[in-house]
Ligand SMILES: NC(=O)c1ccc[n+]([C@@H]2O[C@H](COP(=O)([O-])OP(=O)(O)OC[C@H]3O[C@@H](n4cnc5c(N)ncnc54)[C@H](OP(=O)(O)O)[C@@H]3O)[C@@H](O)[C@H]2O)c1
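In the UniProt record's numbering, the protein residues as written are 1 to 328.
Next comes the structure, spelled out in structure tokens:
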């Protein structure tokens with residue numbers, strides 16, 4: 001069987017993304033073959049394209065999609081041919097119509113969640129799940145607590161604004177324009193700060209009555225690190241989970257002592273979804289919060305698979321908000 005797929009032959013800019021035809025075979029043990037209905041676009045795809053996260057070439061990109069299971073290999077018991085399904089998964093390869101992949105991270109998609117929503121929410125929603133539920137300061141988070149969340153109008157960001165509100169947290173969101181700040185507020189952020197015009201750490205101190213927040217969720221990295229540290233209260237946790245502006249350079253750990261016995265972690269979704277059981281438990285939590293209506297998945301951009309270069313350009317130029325999908 002043939003499938004259109006997006007591949008790079010070397011790391012580089014969006015111009016390296018090429019639509020090609022690939023041969024797709026039968027699933028082996030522990031694998032499925034899935035025919036995609038929609039594909040999710042994620043910032044991590046740009047790291048894999050540029051080589052910030054290096055891979056062997058050639059590389060078929062993409063970490064998130066939804067579709068219909070066509071065939072299952074030996075030993076796969078949680079899926080069968082004909083099932084609606086969605087996933088966030090390694091290895092990359094989701095930018096295509098049809099693929100064979102490990103079944104472990106693929107979940108059945110509830111009938112009342114559309115394929116487009118499924119494709120947009122798995123990587124970003126499962127990330128929000130492990131951040132807000134499992135990446136916590138030593139004393140945990142209680143309703144009413146402040147948390148700081150950078151890039152709050154992005155894909156992960158708009159899901160986090162809603163989910164934090166549902167948990168009773170006061171999420172202070174940052175974003176790069178006033179329009180994006182409005183969007184974060186409309187999705188449940190308690191406060192929004194335009195960090196391209198304001199000193200966000202100073203504003204966080206004002207909003208929290210001088211105390212600072214218990215946790216900063218920072219996916220921007222290099223540009224926000226210093227302000228994130230300054231936004232924390234003593235014993236606070238800095239969770240650096242992305243490199244939107246570039247990776248954080250090496251730091252002197254003495255800084256954590258002088259700023260108040262702080263904690264720093266650098267988590268990744270892929271540790272959290274390393275087993276079938278953990279993936280399903282997190283997905284069930286995500287499905288439930290979406291089915292309850294407390295979190296809606298805001299798909300703000302759609303691009304045809306053939307326009308994937310433009311999708312990458314827009315994502316990297318900070319032109320997108322919410323989630324983006326590639327249509328097939
Ligand atoms: N570790 C994990 O498990 C994990 C999982 C999923 C995602 N992530 C990370 O979470 C972040 C959000 O992912 P996403 O797919 O939802 O992307 P996104 O938030 O929709 O897009 C990235 C956003 O980062 C902000 N940004 C700040 N400085 C930037 C710069 N110099 N260049 C480009 N963007 C910049 C922009 O928002 P403003 O204009 O508002 O600043 C931009 O819209 C990414 O860093 C991603 O790598 C990590």
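Backbone N, C-alpha and C fix where the C-beta goes; we use that ideal spot for every residue, glycine too.
Got a sec? Which residues, its chain only, sit under 6 Å from residue i by beta carbon, not counting five neighbours each side?
i           : result
residue 115 : 37, 38 and 66
residue 53  : 47
residue 282 : 126 and 129
residue 266 : 240
residue 340 : Since the first and last residues shown for the chain are 1 and 328, residue 340 lies out of range.
residue 89  : 105
residue 9   : 57 and 58
How many whole angstroms separate the CB atoms of residue i and residue j, which I take to be in contact at a CB cut-off of 8 Å?
i           : j           : result
residue 229 : residue 238 : 6 Å
residue 76  : residue 30  : 6 Å
residue 2   : residue 15  : Not quite, the Cβ-Cβ distance comes to about 24 Å (not below 8 Å), so this is no contact.
residue 60  : residue 87  : Rounded, the Cβ-Cβ distance is 15 Å, inconsistent with contact.
residue 108 : residue 79  : 7 Å
residue 233 : residue 246 : Contact doesn't hold; Cβ gap of about 27 Å is too wide.
residue 217 : residue 149 : 5 Å
residue 34  : residue 101 : 7 Å
residue 175 : residue 153 : 4 Å
residue 315 : residue 43  : 6 Å
residue 151 : residue 220 : 6 Å
residue 249 : residue 222 : 7 Å
Between residue i and the rest of its own chain, which residues show a CB-CB distance below 7 Å, the 5 nearest in sequence each way excluded?
i           : result
residue 81  : 69, 70, 71 and 72
residue 311 : 41, 303, 324 and 326
residue 7   : 18, 20, 58, 59 and 60
residue 180 : 153 and 321
residue 112 : 291
residue 309 : 14, 15 and 17
residue 244 : 43, 151, 219, 220 and 221
residue 5   : 20, 22, 60, 95 and 96
residue 289 : 163, 166 and 295
I'd like to know if residue i contacts chain D, where contact means its C-beta is closer than 9 Å to some C-beta of that chain.
i           : result
residue 294 : The displayed structure is made up of one protein chain only, and chain D is not part of it.
Please return the same chain residues whose Cβ sits closer than 8 Å to the Cβ of residue i, not counting the five positions on each side in sequence.
i           : result
residue 141 : 132, 147, 167, 169, 214 and 215
residue 263 : 137, 138, 235, 236, 237, 238 and 256
residue 207 : 146, 172 and 191
residue 285 : 129 and 133
residue 183 : 153, 158, 175, 321 and 322
residue 280 : 78 and 107
Do the CB positions of residue i and residue j come within less than 9 Å of each other?
i           : j           : result
residue 172 : residue 193 : yes
residue 13  : residue 49  : yes
residue 23  : residue 328 : no
residue 28  : residue 74  : yes
residue 155 : residue 195 : no
residue 124 : residue 64  : yes
residue 177 : residue 200 : no
Say whether the segment 126-136 touches the segment 183-194, bearing in mind that this needs 3 or more beta-carbon pairs closer than 8 Å, one atom from each stretch.
no
Please give me, in chain order, every unbroken run of the beta strand (DSSP E) with length at least 3 that falls completely inside the segment 86-133.
98-102 and 106-108
Runs of beta strand (DSSP E) lying entirely within the segment 26-84, each at least 3 residues, in chain order
31-41 and 64-72
If you scan the segment 165-189 from start to end, which runs of the beta strand (DSSP E) of 3 or more residues do you find wholly inside it?
170-175
Inter-stretch contact (C-beta, 8 Å, three-pair minimum) for the segment 255-268 and the segment 154-170:
no
Determine, using beta-carbon pairs with one atom in the segment 263-280 and one in the segment 293-300, whether at least three such pairs fall under 8 Å.
no
For a minimum of 4 consecutive residues, which ranges assigned as the alpha helix (DSSP H) are wholly contained in the segment 208-279?
225-231, 254-258 and 269-272
For the segment 278-316, list the alpha helix (DSSP H) runs that are entirely contained and at least 4 residues long, ordered along the chain.
308-316
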